[in-house]
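A.B. asks: As given, the protein sequences belong to chains Y and D, one line each in that order. Sequence positions in the first sequence follow our numbering and run 443 to 1008. Sequence positions in the second sequence follow our numbering and run 5 to 211. For glycine and all other residues, C-beta sits at the position ideal for the given N, C-alpha and C.
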Amino acid sequence: MSGQDFAQIGFYLLVLLAAVKPLGAYAARVYSDGNPPFDWVLGPVERIIYRAGGVTAKAEMTWKQYAFALLAFNGAGFLALYFSLRLQGLLPFNPRGFVGIEPHRAFNITASFVTNTNWQNYGGETTLSYFSQMVGLTVQNFVSAATGMAVLAALARGIARRGTEMIGNFWVDLTRTTLHILLPLSAMLTIALVSQGVVQNLSDYRPATTLEGGQELLPMGPAASQIAIKQLGTNGGGFFNVNSAHPLENPTPVSNLLQMLAILLIPTALCYTFGRMVGDVRQGWALLAAMALVFVPCVLVTVWLESGANPTLADLPIDQGLGNMEGKETRFGVVNSALWGVSTTAASNGSVNSMHDSFTPLGGLVPMFLMQLGEVVFGGVGSGLYGMLMFVIFSVFLAGLMVGRTPEYLGKKVEAFEVKMASIAVLTPPAVVLLGAAIATATPDGLSGVQEAGPHGLSEILYAFSSMGNNNGSAFAGYGANTPTTNMTGAIAMLAARYWVALPALAIAGSLAKKKLLPAGPGTLPTHSLLFIFFLSGVVVVVGALAFVPALALGPIAEHLVVAGN
Amino acid sequence: MKEEVSVTATLRQALGMLGLLTLLTGVVYPLVMTGLARLTMSSRADGNPMVLAGQLVGSELVGQSFDDPQHFWGRPSATEPVPYRADASSGSNLSPFGKAFHEQAAARTDALRKADPGNNTPVPIDLVTASASGLDPHISPQAAYYQASRVAHARAISVDRVRQLVDDHLERPTWGFLGQPRVNVLMLNLALEQELLDRPKPSRGAQ
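In structure tokens form, the structure reads like this:
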């Protein structure tokens, strides 16, 4: 690795870190009881929305009411998106005349975007109209992200409050997240991306005659506005088939840096928001540190693995100085591709600027393993942190068992109910991934998608379900997942992974809100200490490893060993 | 009874809020952004079109197919059914440790060698690996210099002159460290045509 490599990685991490406190503090104000920032301009819009939606902003909800409102809203969004995809051919803004999407595929896309997964079983420029992209997908990009952040805000309130059943108002959290956080950031990012050359128009594709006389059709569309929220909301579904590897979706190193920053901006800042909301910012920094402890080594290892020479090419007269360039773009090179690959899978973003399927076997193992950790190393906006908090509860329980004391977190006693809920949240994703992958390896539909038989084929299947079963959305894209079986099992995996973590988190919020505050005693495990930071990241890695090392051994590790052994 | 009322109320709120947020994020937001982009940066919002003698010759940002020995060639492209199909981006998604990849790399190395028999320097890796998008507009500086002798030979001009042109079209990392050094193949070929054949100067912007 060269000095320039370290400079790119270091600069990225520094800018990201610098944004944590200001954005985190801003978001904490958005979720506080008082007036949110920029109320003088956004307040009137907010009040119009409440009035037209029939919402009483002051009315707080119990966790069950909150969960029901969330499910009703996501359910309505599900139906609206599903039917707009099915009826695409009849709807406007369709210059290419794309027809409606077939049922199982539309079901998968809908589950994918409502759950903030944004798995793509389609190529945007060859399948979707501008109406589907804007009114269909962009909307879910916003509101699925806002849903995740709302759950986090409710959980933080549940931890902070005492002696109440109320954890906030879902409609207020949803609206404020969208209006005060996601929309302003997206608008700024859209303009910055257009300045780099990302397309933003409603024109039909433009025919051109190439320099050598060939004919080509340049794709167009309202891309920048969707890409901005795709990155900021850890959505990840690209406007074009190859996502942010497409030169009209991510044309320059600057657009690449901005998009990479956008991937981790909100997930990292929310750690600070959480600290503020529970009245102890050290807790937020500790969670961020535990995440960074897993993230940074993964970045360095992946860059190193992708920079190396490919032993299978040793017999050819090839200068491999640039590293493993298959499936990577020249303007990004190996460093920005590997850095992106790790960031997008640490966060549950899933957008790509290179083809993960063409990473070296071990280089591709790292993104896959980051997803398998349950998307809690930064993770999705809101969902990553509430997922991590489930691991925190799990960890204080484990630590309590070791020393024989009642576990507690931030002054709240952790009892059987919380541990049960946290266990459901921690164990559902791995179960869904392994079951889904098992079904795919046992059905003709699942196997037919494999591009390369052998260990790499298993990696493709395992990656697909690790991605869907953790709401990531990236792919080993050689795997043809658009078959009825895979579309259906994948959609179920995405729905289970989303709601069987979000609902237990809300249940814990409701349960903790009722509890009294215990004064810290000599037996209290400090959850902001270095010891706890290492313990927490250790628990995350060990749980992931226990579930997935056997499967990984048969996929990427076997593929690596076959070549390394020769 | 009270429970039922709140269920229907919640469902009504869900529909209302979905409608309002759809209007805001799915209609107002993309349309306002489109309008702003058009007003301030219309050429960029249209994908940096390049116009040659009144005709759209492509986008500065989107790679296109070159196989004439007199032109610099871009990276291999895995789009279907033809390479560099601009409206259907795709990578190969092949494993770099797999057989299919090795066969392709060997065939591409061989073809490059055959096209330039006197050139025995190792082939830069980006010339034998498919890009992620299949539409990569760039090659590495090494890959451009590697092709200089073939282009010079095909055009019967001096290698130095061709190398000079590559020098002029090197794009360095932004701020000295961000991104990789690279050469835009279409822009380099346009410059080549213009300088050597007196073709008209290409221009950015609308037709």
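1. Restricting to runs no shorter than 3 residues, where is the beta strand (DSSP E) found entirely within the segment 148–209 of chain D?
2. List, in order along the chain, the chain D residues whose C-beta lies closer than 7 Å to that of Y:Arg773?
3. Can you give the Cα-Cα distance for Y:Gly495 and Y:Phe520, rounded to whole angstroms?
4. For the segment 788–798 of chain Y and the segment 696–709 of chain Y, state whether three or more C-beta atom pairs, one from each stretch, are separated by less than 8 Å.
5. How should Y:Glu768 be labelled, buried or exposed, when 16 other C-beta atoms within 10 angstroms of its C-beta is the threshold for buried?
6. Given this structure, state the Cα-to-Cα distance separating D:Leu19 from Y:Phe515, to the nearest angstrom.
7. Does DSSP classify Y:Tyr508 as helix, strand or coil?
8. Under 7 Å Cβ-Cβ, which residues of chain Y neighbour D:Asn52?
9. Taking the continuous alpha helix (DSSP H) assigned at Y:Met702, which residues delimit it?
10. Tell me the DSSP bridge mates of Y:Lys500?
11. Quick check on the burial criterion: 16 or more other C-beta atoms within 10 angstroms. Buried or exposed for Y:Leu852?
12. Going by alpha carbons, who is nearest to D:Pro87 out of D:Leu139, D:Asp172, D:Arg16?
13. Nearest chain Y C-beta to D:Met191 closer than 8 Å, yes or no?
14. Is the CB-CB distance between Y:Asn558 and D:Arg42 below 8 Å?
15. Establish whether the CB of Y:Arg940 and some CB of chain D are separated by less than 8 Å.
16. Tell me the residue span of the alpha helix (DSSP H) that contains Y:Gly445.
17. So, at 7 Å on beta carbons, what are the nonlocal neighbours of Y:Ala732 in its own chain, with the 5 sequence-adjacent residues on each side left out?
18. For D:Leu35 and Y:Ala634, what's the separation of their Cα atoms in angstroms?
19. Let me check understanding here. Comparing Cα to Cα, which of D:Ala195, D:Gly102, D:Leu182, D:Val127 lies closest to Y:Gly445?
20. Within a Cβ cutoff of 7 Å, which residues of the same chain sit near Y:Ala501, ignoring the five residues on either side of it in sequence?
21. Provide the residue span of the alpha helix (DSSP H) that contains Y:Gln725, from first to last.
22. On a CA-only basis, which of D:Val66, D:Gly95, D:Thr125 is nearest D:Pro85? Give me that one, please.
23. So is Y:Leu827 buried or exposed if we call it buried at 16+ other beta carbons inside 10 Å?
24. Could you tell me whether the Cβ atoms of Y:Ser909 and Y:Ala919 are closer together than 8 Å?
25. For Y:Lys770, count the other beta carbons within 10 Å of its own beta carbon; 16 or more makes it buried, fewer makes it exposed. Which is it?
26. Check Y:Ile760 in the structure and name its three-state DSSP category.
27. Just reading off the alpha helix (DSSP H) that Y:Ser628 is part of, what are its end residues?
28. For a contact defined as C-beta to C-beta under 8 Å, what are the partners of Y:Trp613 on chain B?
29. Give me the Cβ distance between Y:Tyr714 and Y:Lys463, rounded to the nearest whole Å; I'm assuming they're in contact under 8 Å.
30. Can Y:Tyr454 and Y:Leu960 be called in contact, C-beta distance under 8 Å?
31. Can you name, in chain order, every residue of its own chain whose Cβ lies under 6 Å from the Cβ of D:Thr133, other than the five neighbours on each side?
32. Do you know how far the Cα of Y:Asn1008 is from the Cα of Y:Glu691?
33. Spell out whether any CB of chain D is found under 8 Å from the CB atom of Y:Gly656.
34. Could you pull out every residue in the same chain whose Cβ sits closer than 7 Å to the Cβ of Y:Thr925, ignoring the five residues on either side in sequence?
35. Just to make sure I have the definition right: I need the residues of chain Y whose C-beta is within less than 8 Å of the C-beta of D:Phe70. Which are they?
36. Per DSSP, what kind of secondary structure is Y:Ser916 in: helix, strand or coil?
C.D. replies: Per the coordinate set shown:
1. DSSP runs (the beta strand (DSSP E)) wholly in the segment 148–209 of chain D: 186–188.
2. Here residue 773 of chain Y corresponds to residue number 331 of the first sequence, with the count starting at 1. Chain-order list of chain D residues neighbouring Y:Arg773: His142, Gly183, Gln184, Arg186, by C-beta distance under 7 Å.
3. Counting from 1 along the first sequence, the entry for residue 495 of chain Y is found at position 53. Counting from 1 along the first sequence, the entry for residue 520 of chain Y is found at position 78. Between Y:Gly495 and Y:Phe520, the C-alpha separation is close to 18 Å.
4. By the criterion of at least three beta-carbon pairs nearer than 8 Å, the segment 788–798 of chain Y is in contact with the segment 696–709 of chain Y.
5. Residue mapping note: residue 768 of chain Y aligns to position 326 of the first sequence, counting from 1. With at least 16 other beta carbons inside 10 angstroms of its own, Y:Glu768 counts as buried.
6. Here residue 19 of chain D is taken as the residue at index 15 of the second sequence, counted from 1. Here residue 515 of chain Y is taken as the residue at index 73 of the first sequence, counted from 1. Counting only the Cα atoms, Y:Phe515 lies some 7 Å from D:Leu19.
7. For this step, residue 508 of chain Y is matched to residue 66 along the first sequence. If DSSP states are grouped into helix, strand and coil, Y:Tyr508 belongs with the helices.
8. Counting from one through the second sequence, the residue named residue 52 of chain D turns up at place 48. The contacting residues are Gly639.
9. As a working note, residue 702 of chain Y is residue 260 in the first sequence. That run of the alpha helix (DSSP H) goes 695–719.
10. Translated into positions along the first sequence, residue 500 of chain Y becomes position 58. None; Y:Lys500 has no bridge partner.
11. By 1-based counting over the first sequence, the position of residue 852 of chain Y is 410. A residue is called buried once 16 or more other Cβ atoms fall within 10 Å of its Cβ, and Y:Leu852 is buried on that count.
12. Within the second sequence, the letter at position 83 stands for residue 87 of chain D. If we check each option's Cα against that of D:Pro87, D:Leu139 comes out closest.
13. Within the second sequence, the letter at position 187 stands for residue 191 of chain D. Judged by the 8 Å Cβ criterion, D:Met191 is not in contact with chain Y.
14. Against the first sequence, residue 558 of chain Y aligns to sequence position 116. Against the second sequence, residue 42 of chain D aligns to sequence position 38. Pairing Y:Asn558 with D:Arg42 gives a Cβ-Cβ distance that is not under 8 Å.
15. Taking the first sequence and counting its residues from 1, one reaches residue 940 of chain Y at position 498. Residue-level contact by beta carbon fails for Y:Arg940 and chain D, as no gap is shorter than 8 Å.
16. Here residue 445 of chain Y corresponds to residue number 3 of the first sequence, with the count starting at 1. Looking at the DSSP string, the run of the alpha helix (DSSP H) that includes Y:Gly445 is 445–472.
17. Indexing the first sequence from 1 puts residue 732 of chain Y at position 290. Sequence-distant Cβ neighbours of Y:Ala732 in its own chain, meaning closer than 7 Å and more than five residues away, are Ile975, Leu978, Ser979.
18. As a position in the second sequence, residue 35 of chain D is number 31, starting the count at 1. As a position in the first sequence, residue 634 of chain Y is number 192, starting the count at 1. When rounded, the distance between both Cα atoms is 16 Å.
19. Sequence index remark: in the first sequence, residue 445 of chain Y carries index 3 (1-based). The shortest C-alpha to C-alpha distance from Y:Gly445 to any of D:Ala195, D:Gly102, D:Leu182, D:Val127 is the one to D:Leu182.
20. Position 59 of the first sequence, counting from 1, holds the residue named residue 501 of chain Y. Excluding residues within five positions, the ones whose Cβ falls inside 7 Å are Asn611.
21. In the first sequence, counting from the first residue as 1, residue 725 of chain Y sits at position 283. Run containing Y:Gln725: 723–749, per the alpha helix (DSSP H) assignment.
22. Sequence index remark: in the second sequence, residue 85 of chain D carries index 81 (1-based). Comparing alpha carbon positions, the residue from D:Val66, D:Gly95, D:Thr125 closest to D:Pro85 is D:Gly95.
23. Position 385 of the first sequence holds residue 827 of chain Y. Label assigned to Y:Leu827: buried.
24. Here residue 909 of chain Y corresponds to residue number 467 of the first sequence, with the count starting at 1. Here residue 919 of chain Y corresponds to residue number 477 of the first sequence, with the count starting at 1. In this structure, Y:Ala919 does not lie closer than 8 Å to Y:Ser909 by Cβ.
25. In the first sequence, the residue the question calls residue 770 of chain Y occupies position 328. Around the beta carbon of Y:Lys770, a 10 Å sphere encloses 16 or more other beta carbons of the protein chains shown; the residue is thus reported as buried.
26. The sequence position of residue 760 of chain Y within the first sequence is 318, counting from 1. For Y:Ile760, the three-state secondary structure derived from DSSP is strand.
27. Locating residue 628 of chain Y in the first sequence gives position 186, counting from the first residue. Y:Ser628 -> alpha helix (DSSP H) spans 625–638.
28. Judged by its chain identifiers, the structure shown contains no chain B, and its protein chains are Y and D.
29. Taking the first residue of the first sequence as 1, we reach residue 714 of chain Y at position 272. Taking the first residue of the first sequence as 1, we reach residue 463 of chain Y at position 21. Contact flag correct, Cβ pair sits at about 6 Å.
30. As a working mapping, residue 454 of chain Y is identified with position 12 in the first sequence. As a working mapping, residue 960 of chain Y is identified with position 518 in the first sequence. Taking 8 Å as the Cβ cut-off, Y:Tyr454 and Y:Leu960 do not qualify as a contacting pair.
31. To locate residue 133 of chain D, count along the second sequence from 1; it is residue 129. Shown here for D:Thr133: not one same chain residue has a beta carbon closer than 6 Å to its own, the five before and five after excluded.
32. Reading the first sequence from its first residue, position 249 is the one you call residue 691 of chain Y. Reading the first sequence from its first residue, position 566 is the one you call residue 1008 of chain Y. One Cα belongs to Y:Glu691, the other to Y:Asn1008, and the distance between them is close to 40 Å.
33. Taking the first residue of the first sequence as 1, we reach residue 656 of chain Y at position 214. Yes, Y:Gly656 lies at the interface with chain D (some Cβ there is under 8 Å from its Cβ).
34. Stepping through the first sequence from its first residue, residue 925 of chain Y is reached at position 483. In the same chain as Y:Thr925, and ignoring 5 residues on each side of it, the C-beta atoms closer than 7 Å to its own belong to Asp887, Ser890, Gly891, in chain order.
35. The count along the second sequence starts at 1 and reaches residue 70 of chain D at position 66. Taking a Cβ-Cβ cut-off of 8 Å, the neighbours of D:Phe70 in chain Y comprise Leu653, Glu654, given in sequence order.
36. The residue given as residue 916 of chain Y occupies position 474 in the first sequence. In the three-state DSSP reduction, Y:Ser916 falls in the coil class, being neither helix nor strand.
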